[in-house]
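Student:
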Amino acid sequence: MKSHPSPAPAPKDVDELLVEQGRRIRDIHEIISRAELSFDQQIDEILRLGCKHLGTEVGKVARQDPENNVSEFLYVCVNCELPVKKGTIYPLDKTFCDITFASPETIDISDVASSPFSSHPAADYMKIQSYIGRRISVRGENFGTINFSNRARVKRPFSQADIDLVNLMGSWVSVMMERKLDAEELRLSKEAADAANFAKSEFLANMSHEIRTPLTAILGYAEMLSDEGQSQEELDHEIDSIKRAGTHLQRVINDILDLSKIEAGQLEVEALEVEPILLMKDVDSIFGDRARKKGLAFNLEYRYPIPTTIVSDPTRLKQILYNLCGNALKFTDRGSVTVTLGYAEASHQLVFEITDTGIGMNQEELARLFKPFAQASISTTRTHGGTGLGLCIARELSQKLGGDVTVVSEKGVGTTFTLTVAVGGTRNPEMLSR
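Positions 25 to 458 (the working numbering) are the ones given, in order, by the sequence shown.
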């Protein structure tokens, strides 16, 4: 789609046209062959070359977003006093880029006033009287445009050689942008892999501590049991210590095995009848005494109506709740832990909120929270112990149960974890009012 068909060159002009095209191709090749130039510098040089050959004031590579009516200038070459620079954003429908972006052909307008586009908003809004541009595609998707413009009519009408030049530049920019995206994705992928490897190294170092400590205690106290002449109180202490260390070691190993199943896609969940009220009582029986021994209040709250029963995996649901409540107690030294049960009718999900008045977390720590092989911080791992896998496993399990685990927290104030799970079965469960 062009403002007017470019006249075919007369036979005597063909040689001159070929010479001119050869000169332009050579100029472009010289720029893109300069290894010392970065991609951005090469585009700047290409735009400068285009302005020179086309006789225009401004050359741009712009990205268009028709849905939001935005044209953003990514690269700009300006040979005048116009306030146009990289990052400038204009309404797309007030620029000639809108017709260029929508057209598979190069748009060339040597004299806007005498063209079909004389009433286009760009003529008044942008004060453009000459324009030539071509659409850029990246990875098969329309991306933006490369274009050149003037506030006055160009000294000579745009020729087929000019159109060929813009087409060549546009093709080069498309290819180079794809390469730049590939390079950026490769860099990000490498950074992610390096970060994952670093996290796993830290995890393994921490696991050596988490496994050796209880194992050393088990072996040490087991050896002490064979000592003769001990009192019953001493024997009971050694047996209790072995039990506690064994329980901790079992929890560490279970976390590792669960994560292995998750990563292998082999974690299965059951669909059994569960009574939420009894589940809350189980939580209270396990964590209530622990909290009170630590000087904390442990509260259960209910937001009625609540389903009498749901269909879920009781073992995995308890595992999630126990992890969240255990964390709340672990990181709270004063105040309270409150577990609230409710029902979200719109999403047909059971909702648990575990709120503590503990140490809380900042945004950086929250960003790490659900990643495998990571806790909020390594110092937290050393101080409070744990594999750093619990919350990652809890989120994966909750999603298997048709819900999720989310968190809000403030450093030094406290944290609230919200667990949602699908109620399963009927969409109109029997409800308990009180």
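Glycine included, every Cβ here is placed at the ideal spot set by N, Cα and C. Here the structure is a predicted model, which is why all the values come from computation and not from measurement.
If you drop the 5 nearest sequence neighbours on each side, which residues of the same chain put their C-beta closer than 8 angstroms to that of Glu-81?
Tutor: Counting only Cβ-Cβ distances below 8 angstroms, and skipping sequence neighbours, we find Cys-75, Val-102, Asn-103, Cys-104, Leu-106, Ser-173, Asn-174, Arg-175.
Student: If you reduce the DSSP assignment to three classes, tell me which class Met-385 lands in.
Tutor: Looking at Met-385 - three-state DSSP - the assignment turns out to be coil, as it is neither helix nor strand.
Student: Starting from Lys-84, trace the beta strand (DSSP E) both ways and give me its first and last residue.
Tutor: Counting along the chain, the beta strand (DSSP E) containing Lys-84 begins and ends at 82 to 89.
Student: Which value, in whole angstroms, describes the spacing of the CA atoms of Ala-492 and Asn-171?
Tutor: Coverage of the chain is limited to positions 25 through 458, which leaves residue 492 absent and any answer about it impossible.
Student: Note the first and the last residue of the continuous alpha helix (DSSP H) segment covering Lys-258.
Tutor: Before going further, note that residue 258 is Glu rather than Lys in the sequence given. Counting along the chain, the alpha helix (DSSP H) containing Glu-258 begins and ends at 256 to 287.
Student: Which residue wins for smallest C-alpha separation from Val-375, given the options Leu-341, Gly-384, Glu-96?
Tutor: Cα-wise, what sits closest to Val-375 is Leu-341.
Student: Quick one: is Thr-405 buried, meaning 16 or more other Cβ sit within 10 Å of its Cβ, or exposed?
Tutor: Reliability fails at Thr-405, whose pLDDT of 45 lies under 50, so the model's placement of it is uncertain and no value is given.
Student: The beta strand (DSSP E) that contains Pro-171, what's its start and end?
Tutor: Checking the sequence, you will find Asn at residue 171 rather than Pro. Segment 165 to 174, the beta strand (DSSP E) holding Asn-171.
Student: If the criterion is Cβ atoms closer than 7 angstroms, does the pair Glu-262 and Leu-249 meet it?
Tutor: It is a contact, given that the beta carbons lie within the stated cut-off.
Student: Quick one: complete alpha helix (DSSP H) runs, 4+ long, within the segment 111 to 155?
Tutor: With a minimum length of 4 residues, the continuous alpha helix (DSSP H) runs that stay inside the segment 111 to 155 are 121 to 125, 145 to 149.
Student: Comparing C-alpha positions only, which one of Val-335, Phe-355, Ile-330 sits nearest to Lys-318?
Tutor: Among Val-335, Phe-355, Ile-330, the Cα nearest to that of Lys-318 belongs to Phe-355.
Student: Look at Gly-194 and Ile-160 and say whether their C-beta atoms are less than 7 angstroms apart.
Tutor: Cβ atoms of Gly-194 and Ile-160: closer than 7 angstroms.
Student: Which of the three DSSP states is assigned to Phe-182 in this structure?
Tutor: Reduced to three states, the DSSP call for Phe-182 is coil.
Student: Exposed or buried, Arg-48, counting other C-beta atoms within 10 Å across all chains shown (16 or more means buried)?
Tutor: Burial call: buried.
Student: Taking the Cβ atom as the reference point for each residue, do Glu-91 and Ile-113 lie within a distance shorter than 7 angstroms?
Tutor: No, the Cβ-Cβ distance between Glu-91 and Ile-113 is not below 7 angstroms.
Student: Between Ser-422 and the rest of its own chain, which residues show a CB-CB distance below 8 angstroms, the 5 nearest in sequence each way excluded?
Tutor: Contacts found: Ile-344, Asp-428, Val-429, Leu-443, Thr-444, Val-445.
Student: Quick check: what's the CA-CA separation for Gly-359 versus Arg-451?
Tutor: Cα-Cα distance, rounded: 38 angstroms.
Student: May I ask you to list the residues that DSSP assigns as paired with Arg-159?
Tutor: BP columns for Arg-159 point to Thr-169.
Student: Mind checking Thr-339: buried by the 16 CB within 10 Å criterion, or exposed?
Tutor: With fewer than 16 Cβ atoms within 10 Å of its Cβ, Thr-339 is classed as exposed.
Student: Which two residues bound the contiguous beta strand (DSSP E) that contains Phe-97?
Tutor: Where Phe-97 is concerned, the enclosing beta strand (DSSP E) stretches over 94 to 102.
Student: In or out: Asp-186 buried (at least 16 other Cβ within 10 Å) or exposed?
Tutor: When all chains shown are included, Asp-186 counts as buried.
Student: Would Leu-71 be called buried (16 or more neighbouring beta carbons within 10 Å of its own) or exposed?
Tutor: Buried is the call here.
Student: Indicate the three-state DSSP secondary structure (helix, strand or coil) for Leu-353 in the structure shown.
Tutor: Here Leu-353 sits in helix by DSSP.
Student: Only counting the same chain, and skipping five residues up and downstream in sequence, which positions put a Cβ closer than 6 angstroms to that of Lys-285?
Tutor: These residues qualify, in order along the chain: Leu-291.
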